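Undergrad: I have a structure here, written as structure tokens, and I will follow up with some questions on it.
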Amino acid sequence: MIRTRFKKVLLVAPEIFPNQLLTDYTNVKHISATSSIFPSIYEMSPDVIVFDYEFMGKDMEKTLRRIKVNKFYNKVKICCFKNSVNENTDSFLKVLGVDHLIYREDLSQTTKSKSLLNTFNSVIDASIVKWVINVTQ
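Plus 224 on top of the position in the sequence shown (first one is 1) and you've got the numbering used here.
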């Protein structure tokens, strides 16, 4: 079972995500339509939202701005999974309210630093992040 850091996790990723992996976990809800993000947030009141940056595309900025403007979403932590580092994009996402950026290359390295692992473990269980990595490959 997943060690739960947060009681409720909303995962916004493509439909190819293996739903059978989530059947045992009631704390994780997967959505694959950008139009259902806000109804799902309202229904679920998640503690953390994990966005797949490539999946969100142009809707990412609009969604982040809407989340940060509304006080209802104040306590929601936002994570963004990206394939690679881009300083301009990453700094822009931070300004828009992304709390943690997760990169594929950092997770796929065989030697990981303790600080990197501690950062991910403090945010969300690594198995959920690994699922997101498998989706985008």
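For each residue, glycine too, the CB sits at the ideal point set by N, CA and C. Fair warning: this is a prediction, and the values are worked out from it, not measured in the lab.
Suppose you measure from the CA of residue 319 to the CA of residue 235; what does that come to, to the nearest Å?
TA: 21 angstroms
Undergrad: Whole angstroms are fine: how far does the CA of residue 328 sit from the CA of residue 314?
TA: 14 angstroms
Undergrad: Using C-beta distances below 6 angstroms, list every residue in its chain close to residue 322, excluding the 5 sequence neighbours before and after it, in chain order.
TA: 302, 304
Undergrad: Where do the N-terminal and C-terminal ends of the beta strand (DSSP E) with residue 318 fall, by residue?
TA: First-last for residue 318: 311-320, but that is the alpha helix (DSSP H), not the beta strand (DSSP E).
Undergrad: Along the beta strand (DSSP E) that carries residue 293, what are the first and last residues, could you check?
TA: Per DSSP, residue 293 lies in no beta strand (DSSP E) segment; the continuous alpha helix (DSSP H) that holds it begins and ends at 283-293.
Undergrad: Looking at residue 284: is its Cβ nearer than 8 angstroms to the Cβ of residue 232?
TA: Their beta carbons are not under 8 angstroms apart, which means residue 284 does not touch residue 232 by this criterion.
Undergrad: According to DSSP, is residue 330 helix, strand or coil?
TA: helix
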